[in-house]
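In our numbering, the protein residues as written are -2 to 236.
Set out below in structure tokens:
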């Protein structure tokens, strides 16, 4: 592609902002707000933490909702940018990313379900406290499954987009190649992990998606601060 219209330039800024914002908001929600309340192997202590810090839990699930919305904004911006390169592939990438965003919405529902189990409603008195605490912990643990079911779709979306970045030359070629490899690796790991759940003992969970996440983060910075570049085919320089 050797021409870039104004809508693509605006979409590049939107993609940069939404990509960086999505990264920050999900890190805050997961690692700063939710994770400190979870005690590995101790459902009772986790339940006590959640009851004592309900506002913190609700802030975490709000972050997850905002993250999903940011992903939808991002996929729309990427479609505007990459649509002229290949309309069908750009649409496919957008749909894969949309599926991931929808699956991520299950995380807030799980957290709300856990808070409900730990509430003071009369009908909960039919169950022992330790059972309710265990059920609440299972609700929270479901977030892990939701993410890894959605991860193949995230990886496929990133792989398609990385290929279109490579084809368009809108960003550095080396970065695009890294994106294709890192995203395809994520897809491979995600599917293998779903089939063989002990795969994460061979390859650490964080290695599944870290290369892809790094690629998407760098691209977001590039789009925000550098924008799209116009490639000039070598044969046009013959003049």
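For glycine and all other residues, C-beta sits at the position ideal for the given N, C-alpha and C.
Bear in mind that the values here come from a model prediction, so they are computed numbers and not experimental data.
query, result
"Residue 164: first and last residue of the uninterrupted alpha helix (DSSP H) it sits in", "126 to 165"
"With 16 other Cβ atoms within 10 Å as the buried cut-off, status of residue 29", "exposed"
"Under the three-state DSSP convention, the category residue 224 falls into", "coil"
"Selection from 61, 5, 83 and 19 that minimises the alpha carbon distance to residue 158", "83"
"Opening and closing residue of the alpha helix (DSSP H) in which residue 105 lies", "103 to 114"
"First and last residue of the uninterrupted alpha helix (DSSP H) at residue 122", "It is not in any alpha helix (DSSP H) - residue 122 carries neither H nor E in the DSSP assignment."
"Cβ separation of residue 237 and residue 6, assumed to be a contact under 8 Å, to the nearest whole Å", "Shown here, the chain extends from -2 to 236; a query on residue 237 therefore has no answer."
"Residues near residue 53 by beta carbon distance below 6 Å, same chain, minus five either side", "30"
"Residue closest to residue 275, alpha-carbon to alpha-carbon, out of 209, 176, 115 and 183", "As shown, the chain starts at -2 and ends at 236. That puts residue 275 outside it, with no answer to give."
"Simplified DSSP state of residue 0, which is helix, strand or coil", "coil"
"Close beta carbons around residue 236, own chain, < 8 Å, minus the five adjacent residues each side", "Residue confidence for residue 236 is low, a pLDDT of 34 falling below 50, so the modelled location carries little weight; the figure read from the coordinates is stated next. Excluding residues within five positions, none has a Cβ falling inside 8 Å."
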